[in-house]
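Mapped onto our numbering, the consecutive letters of the sequence shown carry residue numbers 484 to 688. Where is the CB? At the ideal position from N, CA and C, for every residue including glycine. Values in this document were obtained by computation on a predicted structure and should not be read as measured data.
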Amino acid sequence: MHYDWANLARYEDKNKEVVINQNKDRVVFMGNSITEGWKNQMPTMFDNQTFINRGISGQTTPQMLLRFRTDVIKLKPEVVVILAGTNDIAGNTPLRDLEAVAGNLASMGELAKHHNIKVILCSVLPASDYPWRTGKNPDTQIPILNELIREYAEEEGFYYLDYFNSMTDGNNGLKANYGRDGVHPNTRGYRVMRKMVLKAIDKIL
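What follows is the structure, encoded as structure tokens:
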């Protein structure tokens with residue numbers, strides 16, 4: 484039996500619907516449940532042509548790296564927005580260290596750059612703990628990972644989108660009125676993110 488670890492089949496049909504070479508301002512959003520949930524909360528934002536959502540719940544950066552070619556590069560966007568890393572810290576797949584997570588994000592950024600896709604690297608959103616896997620200390624681990632992401636983005640000339648500092652409760656957790664479980668944004672949280680990402684996209688296009 485074939486095991487699709489990166490879930491390449493998830494968007495196989497949706498990818499076929501994308502009209503290649505006919506949308507000069509195309510943006511692909513690559514991520515996990517926070518990205519996938521954005522489409523559920525704001526369905527009109529993602530039309531699968533201009534703004535394309537390629538989030539998969541539960542995924543970690545090595546899984547996203549494996550599907551980056553099919554779910555991003557082949558769609559020929561102008562911009563990719565990459566928001567990932569929290570599930571690595573949660574240990575959804577085995578975590579080596581934060582440098583490895585940053586390395587996977589860097590590999591995605593370099594693949595995009597090679598294909599003339601502009602890159603927006605996002606900070607990981609704040610979280611004080613993970614309801615599904617407690618005791619992973621995201622309140623201390625996420626800021627360290629975000630600093631690695633920020634430094635890499637600066638070195639490469641990529642846009643670093645700092646959701647963290649706009650959404651934290653001041654103690655490295657997600658502001659209560661921006662989330663529904665301490666990890667995933669609610670509609671109010673997504674409104675904050677939408678305003679920030681649209682500004683970033685406008686700036687680099």
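Uninterrupted alpha helix (DSSP H) stretches at least 4 residues long and entirely within the stretch 544-569 occur at 544-554, given in chain order. The beta strand (DSSP E) runs of length 3 or more contained entirely in the stretch 607-676 are, from start to end of the chain, 642-644.
Spanning the alpha carbons of Gly514 and Gln542 requires a straight line of approximately 8 Å. When the alpha-carbon of Ile517 is set against those of Asp652, Thr569 and Met547, the nearest one is in Thr569. CA-to-CA, the gap between Tyr646 and Gln624 works out to about 16 Å.
The DSSP-derived three-state label of Lys499 is helix. The bridge partners DSSP lists for Lys596 come to none. In the displayed model, Leu578 falls within coil according to three-state DSSP, outside both helix and strand.
For Asn536 against Glu519, the beta-carbon gap comes to about 7 Å, under 8 Å, which counts as contact. In this structure the stretch 630-640 does not touch the stretch 664-677; the number of beta carbon pairs closer than 8 Å is below three. Just measuring C-alpha positions, the residue of Trp521, Glu495 and Ile503 sitting nearest Thr670 is Trp521.
Secondary-structure assignment with DSSP links Asn536 through a beta bridge to Phe512.
With 16 or more other Cβ atoms from the protein chains shown falling within 10 Å of its own Cβ, Leu548 counts as buried. The C-alpha of Pro560 is placed about 18 Å away from the C-alpha of Asp496. In this structure, the straight-line span from the alpha carbon of Asp664 to that of Pro614 is close to 8 Å. In the three-state reduction of the DSSP assignment, Leu491 falls in the helix class, which pools H, G and I. Separation of Asn506 and Asn599 (C-alpha to C-alpha, rounded to the nearest whole angstrom) is 15 Å. The C-beta separation of Leu644 from Ser606 comes to about 7 Å, placing the pair in contact by the 8 Å criterion.
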